[in-house]
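S.K.: What the sequence shown shows, in our numbering, is residues 584 to 1313, in sequence order. Got a structure here, written out as structure tokens. Questions coming.
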Amino acid sequence: MTMEFFKKLSSDLTNLLENGENYDVLIEASQMPNRQIFKAHSIILNSRCFYLREKLSKTFYNKKNIKKISVPNISITILEIIITIGFEYDNFKDLQIFCNNIIAKHPNFIFDSEDFVNISESALVSLLKLDNLNMEEGKIWDQVIRWGIAQNPDLDSNIAHDVMDKLPNLWKDIMSKLAAPNRAITSIILPSRIISNTALPSRNSAVSSGNNTSSATSSETNTINLNLSAQSKNVENMRDEASKYFSRREYLKAAELFEEILENSQHSSKDQENASKWNLSFIRFEEYGIYDLDGINELTKVLCKNTMLTSLNLYRSNIGIEGGKLLADALYKNTISEGGKSLADALCKNSTFKDLDLSSNQLGSEGGKSLADALYKNTTLTYLNLRHNVLGWNNLGSEGGKALAYALYKNTTLTSLFLDHIKLGLEGGKSLTNALCKNSTLKDLDLSSNELGSEEGKALADALYKNTTLTSLNLYNLTNNKLGSEGGKTLADALCKNTSLTSLNLCGNDLGTEGEKVLADALCKNNALTSLNLGSNNLGSKGGKSLANALCKNTTLTSWNLYGNNLGFEGGKALANALCKNIKLTSLNLSFNKLTKGVKALANALCKNNMLTSLNLNSNYLGPEGGKALADTLCKNNTLKDLDLQDCELESEGGIALANALCKNITLTSLDIAENYLRSEGGKALANALYKNTTLTRLYVRDNFIHFELKSNNQNLEILQCSKDEYFFL
């Protein structure tokens, strides 16, 4: 638990980041459907992040003195960390964390100090709120009493004798209320366990002495109710205790209490989940070079004895190379002892384990090899996450990749494997793709941002010819994957024959016009793919036309992301024509494509198309005329549910037209019109529409210069002063 008292050790700018005041930069990260907008301040970004400084230097301020930049090749999570570090990361923050840990592990430094009795009440409360203080509860309260006496020098010194004189009567009260503990007291702290209600049920005076059966039944019912009430309170107490043990890393005691709770008839489905799925993310088994072997061994004891645990999340828990080896050796069915039974030994005995998240734990190449050896023989694990998060790379590298590839040849249970951002490199990438030719169980594979090039693209293509089980493949490029046109061509050829892959992400791989031609041909022939992401691939208007022709013939694709491809007016028109003919597509992302007047053709197509339910036109300069065209569509279309028109410069005229359309439309549930300069005129029309529309559930209206509150009669409607991207981030 964070101690408010010690936050004074550091001073940062996190408040400025959190409230977003006076921001002058909007950063758009990732791509739909997960695209988000971040508010930031140029003066901070320019001084703390070279990459964003370079982006900002090439961007001009808009009419509202705000710079808007797009980083589609950076994920939401990573950009959040980059910005946060820029605002708050400094040596004082590290010092604060270090001091907090020292206080928790060595509280005597504080309590035994001569200055302890002089600290403020708020500081004492902060100390007492710590769940992981390494001190017996009785001793803690001795120190609290010492502090209280020092704070009240006028307190009667004979008060202890007065309490002892009254203790016999106090004990009588405890016994008369049936509030005595039901186990032996071995601590000076009285166990807070209740064995029954303090009030007896009322007697039924109307029951005659001859009606003994009814009286007995009533008595039994009251007894049952008392027992159930006692059990319920007992379960609640055990939940509280288990939570405290868990936070103090006393995992064995927590697990034992979970077992007791599940044996109680009053346990809930949430109790079952708490017993079987453990989230130990961010707990940090290693800090400042000190490895918490005690914590690992505690977890070891649980896994050796407990048969309920099926999922363990160790995301960013600083397992490190040694911890990775221990885990791997466990899965490999080995026994390791280091100051007691290791976590590895525990995992080898636990036969229920299915899900393991080791992302961002700095496993390194050696840790990757050990884990691969484990997968070679493990027969229970179905989900393994080794992806990084920018603060901690797994960096398995080529050697780790080769070892994992060999494991995939033999493993027969793993179905989901996430290996993005682990620096596989050329050799590691080839080895893994070759393994896919023989593996027959893997369904989901993520190889994003692993320095894969055209050669690895060819190897992947060969794998897709032969593999018959893989359904989802993510090759999204954050910084490194560049399959290029050659890699794109070979993958496209493979898609003509592959019959199992249903989801493919090729965002940001620089496919170009050459790559899109063969992909378009593949889409005409492929009958399995349902979701395709081709965002940020420099397809251009020619690419848009080729893909539009393919869409006319494809009969399986339901979700298509063409974000940031500069399709232009001609590409927009071609896609509009395709939408008139396609009968499968339900979701289409055309944001950041410079469609301009091409939106009119799209609007006309939507009057005929009766399948599309989600359309994203974010950041396309549509203008008032484009707004009017789409408004006319909304009066006629009866399938579209989600429409994103953020930053399309609709202005008042376009806003009024859309508002009038909302009075008639009965299917749209989500509309984003943030950053469109609607002003008061558009706002008034919108306010009128909201009193008539009954189907809209979310309306995003940030930065429209509407200086009054929008209201609606529809109780299900959320009117949000943000964009859709910001809403999902919040």
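Glycine is no exception: its CB is placed at the ideal position from the N, C-alpha and C atoms.
Which two residues bound the contiguous alpha helix (DSSP H) that contains I723?
M.R.: Where I723 is concerned, the enclosing alpha helix (DSSP H) stretches over E720 to Q734.
S.K.: On the three-state DSSP scale, how would you describe R832?
M.R.: Here R832 sits in coil by DSSP.
S.K.: Using three-state DSSP, classify Q855 as helix, strand or coil.
M.R.: Three-state DSSP puts Q855 in a helix.
S.K.: Hey, how far is the Cα of G1266 from the Cα of V1284?
M.R.: Using only the alpha carbons, I get a separation of about 9 Å.
S.K.: Please return the same chain residues whose Cβ sits closer than 6 Å to the Cβ of L1122, not counting the five positions on each side in sequence.
M.R.: Closer than 6 Å at the Cβ level, and outside the excluded window around L1122, lie E1099 and N1148.
S.K.: Please confirm whether any heavy atom of the ligand FMN lies closer than 7 Å to the CB of E704.
M.R.: The model on display carries no ligand, and the ligand FMN is accordingly not part of it.
S.K.: Could you tell me if A818 is buried or exposed, where buried requires 16 or more neighbouring beta carbons within 10 angstroms of its beta carbon?
M.R.: The sequence given here has Val at residue 818, not Ala. So V818 ends up on the buried side.
S.K.: For N1271, collect the residues of the same chain with a Cβ closer than 6 Å to its Cβ; drop the 5 residues on either side in sequence, then sort them by chain order.
M.R.: Closer than 6 Å at the Cβ level, and outside the excluded window around N1271, lies no residue.
S.K.: Please return the same chain residues whose Cβ sits closer than 7 Å to the Cβ of S1037, not counting the five positions on each side in sequence.
M.R.: Result list for S1037: L1066, G1067, E1069 and G1070, in chain order.
S.K.: For F1001, which three-state DSSP category applies?
M.R.: DSSP places F1001 in strand when its eight states are reduced to three.
S.K.: Tell me where the beta strand (DSSP E) around K650 begins and ends.
M.R.: First-last of the beta strand (DSSP E) with K650: K650 to V654.
S.K.: Could you compute how far the alpha carbon of A1188 sits from the alpha carbon of I652?
M.R.: Computed Cα separation, rounded: 31 Å.
S.K.: At 3 residues or longer, what runs of the beta strand (DSSP E) sit wholly inside the stretch 1069-1119?
M.R.: Correct list: 1086-1088 and 1114-1116.
S.K.: Is DSSP giving L882 helix, strand or coil here?
M.R.: Reduced to three states, the DSSP call for L882 is helix.
S.K.: Which word fits L711, buried or exposed, when buried means at least 16 other C-beta atoms lie within 10 angstroms of its C-beta?
M.R.: L711 comes out exposed.
S.K.: Judging by CA-CA distance, which residue of L1043, N656 and L964 is the nearest neighbour of D1093?
M.R.: Nearest C-alpha to D1093: N656.
S.K.: Hey, L1273 and K1294: beta-carbon distance below 8 Å or not?
M.R.: Cβ atoms of L1273 and K1294: closer than 8 Å.
S.K.: So for L914, helix, strand or coil by DSSP?
M.R.: Any reading at L914 must be qualified, since the residue scores a pLDDT of 45, below 50, and its modelled position is unreliable; the value itself is stated next. It is helical.
S.K.: How would you label C1305, buried or exposed, when you count the other beta carbons within 10 angstroms and need 16 or more for buried?
M.R.: With 16 or more Cβ atoms within 10 Å of its Cβ, C1305 is classed as buried.
S.K.: Report the rounded CA-to-CA distance for E938 versus S900, giving the unit in angstroms.
M.R.: The sequence given here has Asp at residue 938, not Glu. D938 and S900: Cα-Cα distance of roughly 16 Å.
S.K.: For A733 and A687, what's the separation of their Cα atoms in angstroms?
M.R.: Answer to the nearest angstrom: the Cα atoms are 24 Å apart.
S.K.: For R1281, which of helix, strand or coil comes out of DSSP?
M.R.: R1281: strand per DSSP, three-state reduction.
S.K.: Label E1039 either buried or exposed according to how many other C-beta atoms from any shown protein chain fall within 10 Å of its C-beta, with 16 as the threshold for buried.
M.R.: Buried, because 16 or more other Cβ atoms sit within 10 Å of the Cβ of E1039.
S.K.: Quick one: what does DSSP say K860 is sitting in, helix, strand or coil?
M.R.: In this structure, K860 counts as strand in the three-state DSSP scheme.
S.K.: Of the residues F694, L1117, L1030 and I661, which one's Cα is nearest the Cα of L1056?
M.R.: Minimum Cα distance to L1056 is reached at L1030.
S.K.: How big is the Cα-Cα spacing for T963 and C1090?
M.R.: Whole-angstrom Cα-Cα distance: 33 Å.
S.K.: With DSSP as the reference, label S696 as helix, strand or coil.
M.R.: Coil.
S.K.: Output the distance between the C-alpha atoms of S630 and K647, rounded to the nearest integer angstrom.
M.R.: S630 and K647: Cα-Cα distance of roughly 23 Å.
S.K.: Select from R1281, N1287, I1289 and N1296 the residue whose C-alpha is nearest the C-alpha of L1303.
M.R.: Closest by alpha carbon: R1281.
S.K.: Under the three-state reduction of DSSP, which class applies to L1198: helix, strand or coil?
M.R.: Strand.
S.K.: According to DSSP, simplified to helix, strand and coil, what is L809?
M.R.: Unreliable positioning characterises L809 in this predicted model, as indicated by a pLDDT of 48, which lies under 50. A coordinate reading is not provided.
S.K.: Is the beta carbon of T1169 less than 8 Å from the beta carbon of N1193?
M.R.: In this structure, N1193 does not lie closer than 8 Å to T1169 by Cβ.
S.K.: So what does I686 bridge to, in DSSP terms?
M.R.: In the DSSP output, where bridge partners are listed per residue, I686 has none listed.
S.K.: Does DSSP classify E1301 as helix, strand or coil?
M.R.: Strand.
S.K.: Using a threshold of 8 Å, state whether the C-beta atoms of T1054 and S1023 are closer than that.
M.R.: No, the pair does not count as a contact, with Cβ atoms beyond the cut-off.
S.K.: Measuring CA to CA, which of E1208, F1175, G1206 and P1207 is closest to L1198?
M.R.: Closest by alpha carbon: F1175.
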